[in-house]
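Novice: Read top to bottom, the protein sequences are chains F and S. With the working numbering applied, the first sequence corresponds to residues 1 to 310, in that order. With the working numbering applied, the second sequence corresponds to residues 1001 to 1310, in that order. One structure is given below, represented as structure tokens, and several questions about it will come after.
Protein chains: 2
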Amino acid sequence: MTRPIYERLAVVGCGLIGSSVIRAAREAGVVSQIIVADASEAHRARITELGLADKVTGDIAEAVAEADLVIFAVPVQAMGDAAQAAAATIRPGTTVSDVGSVKGSVAEALRAALPESVFIIPGHPIAGTEYSGPDAGFAELFRDRWVILTPQARDDGPYLEAVTRLSDFWRRLGANVERMDEKHHDLVLAVTSHLPHLIAYNIVGTAADMEEVTRSEVMKYSAGGFRDFTRIAASDPTMWRDVFLGNKDAVLEVLGRFTEDLQALSRAIRWGEGDKLFDLFSRTREIRRGIIAAGQESNEPNFGRDRGKH
Amino acid sequence: MTRPIYERLAVVGCGLIGSSVIRAAREAGVVSQIIVADASEAHRARITELGLADKVTGDIAEAVAEADLVIFAVPVQAMGDAAQAAAATIRPGTTVSDVGSVKGSVAEALRAALPESVFIIPGHPIAGTEYSGPDAGFAELFRDRWVILTPQARDDGPYLEAVTRLSDFWRRLGANVERMDEKHHDLVLAVTSHLPHLIAYNIVGTAADMEEVTRSEVMKYSAGGFRDFTRIAASDPTMWRDVFLGNKDAVLEVLGRFTEDLQALSRAIRWGEGDKLFDLFSRTREIRRGIIAAGQESNEPNFGRDRGKH
């Protein structure tokens, strides 16, 4: 099955996700040609060195001119400018997607910048690592992960066909594809991704600022649980700043829920209500079992991170 | 180096940590004989089946009678009762330690229950997994991890000698040993272990209770960050209930700090203060680098949990 789905793929922004898309697309044989646009000279040099693309440029307009699939893989708040830079040269009938962690504000930015003759199908692969840049990408990143597409409310044949084609593209990269309403996506991801990152950044900050506990102590004794949080708190700062600004309403809503629950838990500790604690702690075990059963997590103790020790 | 450090080790409570201690002690050849006391008939049967001990009993008094090292490895709130059961038969000069995650209240319970003729040296190995029970243990659990001992304020020769001997025991199991004041231990661990567990339990609970987002969605899209939290939220409910009740003051203090910081972060999102977010998110990256440099974490992307995919 190596028949290409698209002739020319243009990826705008070639960090962890962008470079994983082009690696995976090449390996799966789903595109004939790959063009990369990246604003960073260092990234461009590295992509050329790694031989990841047929053409590497700093000029978005040039990159998208001949493409039949354009994927924007820049931070969420940079999507609008990137799309504007593409608007003049992009061809009618081109499929335009992205990999942003927020869909409402990104879809709006893409629609505002691009001509109506292109097929805008916002997308979000739920996959990543805590590392950034073109060297961090790998072809297997999307395997068995979910990609959410949030198509527009259009039911004309060519658009629906474009959605099917883009779904096929991601499936050939090893992903499962789901369609969803933009607004619902932003709420679901606020729960499963944005709030966890916010909490992780916050707790790492709190620990770093305790006067009575040294940083060296925090690091030495981190195997008691803290280290699990530091992984996602090491994620790209620009990307995550943009996510919180771009999904403000949903993030503040779930954060409000989290804070309420935390206050109740705090109260249970203060009043020594052991049963309440025990009930919650038993309930949360099931969720992990569900995630392992859903193929989204390793069932090895400690994520298998100690495998080398055995 | 297979000379035993103790003649007879009695381990009271044989779950994840207790069973790892006896596996590691046997492998390292640091004890001649191992006696296990466990209240659970199922545990006792399993320990016998696995051949982990020379003697398995339900009777704590019987288990400790001939021991020169007794390690209590039961939940924190059960330490007092276990020590009382040992008090009548324990021999003068026996070293008594534990593996509890809280040291102040445990040390107090041990001192209250046991005769003055024994050497009480509370201890805490900063190691574990999210699994429980005798099958979950493994000999390498303590390798390159830290064990904190919180000796009493005694400077008589035999006591100091007992502390040195217990330190050697843990080192032979592969651990690094640190001594610390009980109160300071409880604050440090509130930061590096208890608060992370509390937050993880809380966020998993919040996510499970969102009416607008189904549990199936939470599980499917957990690779966006949420799944990292579920590991420690799958830890033993009894153990963790006891930790929060046993270290109430320090936990509530660091939880107060965390909540303050979270409110500031929430406000920065609400007012679109991108620079504040970016600054925090950059700072937290360094902490992870420090933990990796300190040998307490894997530097593989995603903890190496995706290794099988590559």
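By construction, the Cβ of each residue, glycine as well, lies at the ideal position given by its N, Cα and C atoms.
Take Gln1077 of chain S and list the residues in its own chain whose beta-carbon comes closer than 7 angstroms to its own, dropping the five residues that flank it on each side.
Specialist: On the second sequence, residue 1077 of chain S is found 77 positions in, with the first residue counted as 1. Cβ neighbours of Gln1077 of chain S beyond the five flanking positions: Asp1242, Leu1245 and Gly1246.
Novice: DSSP three-state label for Thr1284 of chain S, please.
Specialist: Here residue 1284 of chain S corresponds to residue number 284 of the second sequence, with the count starting at 1. Helix, per DSSP.
Novice: So, does the CB of Met210 of chain F fall closer than 8 angstroms to a CB anywhere in chain S?
Specialist: Working through the first sequence from its first residue, we reach residue 210 of chain F at position 210. Cβ-Cβ to chain S under 8 angstroms: yes for Met210 of chain F.
Novice: Are any of the Cβ atoms in chain F nearer than 8 angstroms to that of Ala1234 of chain S?
Specialist: Along the second sequence, one-based indexing puts residue 1234 of chain S at 234. So yes, Ala1234 of chain S belongs to the interface.
Novice: Thinking C-beta only, is Asn1299 of chain S closer than 8 angstroms to Leu262 of chain F?
Specialist: Along the first sequence, read from residue 1 onward, the residue named residue 262 of chain F stands at position 262. Along the second sequence, read from residue 1 onward, the residue named residue 1299 of chain S stands at position 299. Cβ distance not < 8 angstroms, so Leu262 of chain F and Asn1299 of chain S don't count as in contact.
Novice: Per DSSP, which residues does Trp1271 of chain S bridge with? Please list them.
Specialist: Your numbering for residue 1271 of chain S matches position 271 in the second sequence. Note: Trp1271 of chain S sits in no beta bridge, so no partner.
Novice: Contact defined as beta carbons within less than 8 angstroms: I believe Val1012 of chain S pairs with Ile1060 of chain S. What is the distance between those atoms, to the nearest angstrom?
Specialist: Within the second sequence, the letter at position 12 stands for residue 1012 of chain S. Within the second sequence, the letter at position 60 stands for residue 1060 of chain S. Indeed, because the Cβ distance is near 6 angstroms, the residues count as touching under 8 angstroms.
Novice: Could you tell me whether any Cβ in chain S is nearer than 8 angstroms to the Cβ of Gln296 of chain F?
Specialist: By one-based count along the first sequence, residue 296 of chain F stands at place 296. True, the Cβ-Cβ gap to chain S drops below 8 angstroms.
Novice: Tell me the DSSP secondary structure of Thr238 of chain F in three-state form.
Specialist: Taking the first residue of the first sequence as 1, we reach residue 238 of chain F at position 238. The answer is helix: DSSP assigns Thr238 of chain F an H, G or I state.
Novice: Roughly how many angstroms separate the alpha carbons of Ala233 of chain F and Lys103 of chain F, rounded to a whole number?
Specialist: By 1-based counting over the first sequence, the position of residue 233 of chain F is 233. By 1-based counting over the first sequence, the position of residue 103 of chain F is 103. Taking the straight line from one Cα to the other gives about 22 angstroms.
Novice: For Phe1119 of chain S, write down the residues that DSSP places opposite it in a beta bridge.
Specialist: Here residue 1119 of chain S is taken as the residue at index 119 of the second sequence, counted from 1. S:Thr1095.
Novice: Alpha carbon to alpha carbon, how far is Val251 of chain F from Arg44 of chain F?
Specialist: Taking the first sequence and counting its residues from 1, one reaches residue 251 of chain F at position 251. Taking the first sequence and counting its residues from 1, one reaches residue 44 of chain F at position 44. Going by the C-alpha atoms only, they are around 34 angstroms apart.
Novice: For Val213 of chain F, collect the residues of the same chain with a Cβ closer than 8 angstroms to its Cβ; drop the 5 residues on either side in sequence, then sort them by chain order.
Specialist: As a first step, residue 213 of chain F must be located in the first sequence, where it is residue number 213. Counting only Cβ-Cβ distances below 8 angstroms, and skipping sequence neighbours, we find Ala207.
Novice: Do we get a CB-CB distance below 8 angstroms when we pair Asp1377 of chain S with the residues of chain F?
Specialist: Past the boundaries of the shown model lies residue 1377 of chain S; chain S is included only from 1001 to 1310, so the question cannot be answered.
Novice: Relative to the C-alpha of Asp228 of chain F, which candidate in S:Ile1291, S:Arg1111, S:Glu1049 and S:Leu1016 has its C-alpha closest?
Specialist: Within the first sequence, residue 228 of chain F is the residue found at index 228, counting from 1. The residue with the shortest Cα to Cα distance from Asp228 of chain F is S:Ile1291.
Novice: If we ignore side chains and look at the alpha-carbon of each, how far apart do Gly1225 of chain S and Arg23 of chain F end up?
Specialist: Here residue 1225 of chain S refers to the residue found at position 225 when the second sequence is read from its first residue. Here residue 23 of chain F refers to the residue found at position 23 when the first sequence is read from its first residue. Cα to Cα, the separation comes out at about 23 angstroms.
Novice: Any idea if Arg270 of chain F is buried or exposed, counting beta-carbon neighbours within 10 angstroms, 16 or more meaning buried?
Specialist: Start at 1 with the first residue of the first sequence, and residue 270 of chain F comes out as number 270. So Arg270 of chain F counts as exposed.
Novice: Per DSSP, Thr57 of chain F is paired with what?
Specialist: For the purposes of this step, residue 57 of chain F is taken as residue 57 along the first sequence, with counting starting at 1. Thr57 of chain F pairs with F:Ala37.
Novice: Tell me which same chain residues have a C-beta within less than 7 angstroms of the C-beta of Arg143 of chain F, skipping the five on either side of it?
Specialist: To locate residue 143 of chain F, count along the first sequence from 1; it is residue 143. Answer for Arg143 of chain F: Gly174, listed in chain order.
Novice: According to DSSP, simplified to helix, strand and coil, what is Arg1111 of chain S?
Specialist: Translated into positions along the second sequence, residue 1111 of chain S becomes position 111. Three-state DSSP puts Arg1111 of chain S in a helix.
Novice: Give a yes or no on whether the C-beta atoms belonging to Thr323 of chain F and Leu16 of chain F are separated by under 8 angstroms.
Specialist: Absent from the model: residue 323 of chain F. The displayed extent of chain F is 1 to 310, so no value can be given.
Novice: Would you say Ile1090 of chain S and Val1064 of chain S are within 8 angstroms of each other, going by their C-beta atoms?
Specialist: By 1-based counting over the second sequence, the position of residue 1090 of chain S is 90. By 1-based counting over the second sequence, the position of residue 1064 of chain S is 64. Yes, Cβ-Cβ distance for Ile1090 of chain S and Val1064 of chain S is below 8 angstroms.
Novice: In whole angstroms, give me the CA-to-CA distance for Cys1014 of chain S and Gly1133 of chain S.
Specialist: The residue labelled residue 1014 of chain S in the question sits at position 14 within the second sequence. The residue labelled residue 1133 of chain S in the question sits at position 133 within the second sequence. C-alpha separation (whole angstroms): 7 angstroms.
Novice: For the alpha helix (DSSP H) containing Ile1022 of chain S, name the first residue and the last one.
Specialist: On the second sequence, residue 1022 of chain S is found 22 positions in, with the first residue counted as 1. Segment Leu1016 to Ala1028, the alpha helix (DSSP H) holding Ile1022 of chain S.
Novice: Thinking just about the alpha-carbon of each residue, which of F:Leu110, F:Trp170, F:Val177 and F:Asn176 is nearest to the one in Gln152 of chain F?
Specialist: Reading the first sequence from its first residue, position 152 is the one you call residue 152 of chain F. With distances taken between Cα atoms, Gln152 of chain F lies closest to F:Leu110.
Novice: So what's Arg3 of chain F in DSSP terms, helix, strand or just coil?
Specialist: As a working note, residue 3 of chain F is residue 3 in the first sequence. Of the three classes helix, strand and coil, the one that applies to Arg3 of chain F here is coil, per DSSP.
Novice: Quick check: what's the CA-CA separation for Val1106 of chain S versus Ala1082 of chain S?
Specialist: Within the second sequence, residue 1106 of chain S is the residue found at index 106, counting from 1. Within the second sequence, residue 1082 of chain S is the residue found at index 82, counting from 1. Rounded to the nearest angstrom, the two C-alpha atoms are 11 angstroms apart.
Novice: Which residues in chain S have a C-beta closer than 7 angstroms to the C-beta of Ser40 of chain F? List them in chain order.
Specialist: For the purposes of this step, residue 40 of chain F is identified with residue 40 of the first sequence, where counting begins at 1. By Cβ distance, chain S contributes nothing, its closest Cβ being about 17 angstroms from Ser40 of chain F, past 7 angstroms.
Novice: So, are the CB atoms of Gly80 of chain F and Ala113 of chain F less than 8 angstroms apart?
Specialist: As a working mapping, residue 80 of chain F is identified with position 80 in the first sequence. As a working mapping, residue 113 of chain F is identified with position 113 in the first sequence. Result yes, Cβ atoms of Gly80 of chain F and Ala113 of chain F sit closer than 8 angstroms.
Novice: Can you give me the start and stop residues for the alpha helix (DSSP H) that Asn1202 of chain S sits inside?
Specialist: Indexing the second sequence from 1 puts residue 1202 of chain S at position 202. Element bounds for Asn1202 of chain S: Leu1195 to Ala1208.
Novice: Which residues mark the beginning and the end of the beta strand (DSSP E) in which Glu178 of chain F is found?
Specialist: The count along the first sequence starts at 1 and reaches residue 178 of chain F at position 178. Per DSSP, Glu178 of chain F belongs to the beta strand (DSSP E) from Asn176 to Arg179.
Novice: Among the residues of its own chain, which have a CB less than 7 angstroms from the CB of Val1074 of chain S, if the five just before and after it don't count?
Specialist: Working through the second sequence from its first residue, we reach residue 1074 of chain S at position 74. Closer than 7 angstroms at Cβ, skipping near neighbours: Val1012, Gly1013 and Ala1082.
Novice: If contact means a Cβ-Cβ distance below 8 angstroms, which residues of the stretch 103-137 of chain F contact chain S?
Specialist: So the close ones are Ile126, Ala127, Gly128, Thr129, Glu130, Tyr131 and Ala136.
Novice: Can you check which of these residues, F:Tyr131, F:Gly18 and F:Lys248, is closest to Lys183 of chain F by C-alpha distance?
Specialist: Indexing the first sequence from 1 puts residue 183 of chain F at position 183. Closest by alpha carbon: F:Lys248.
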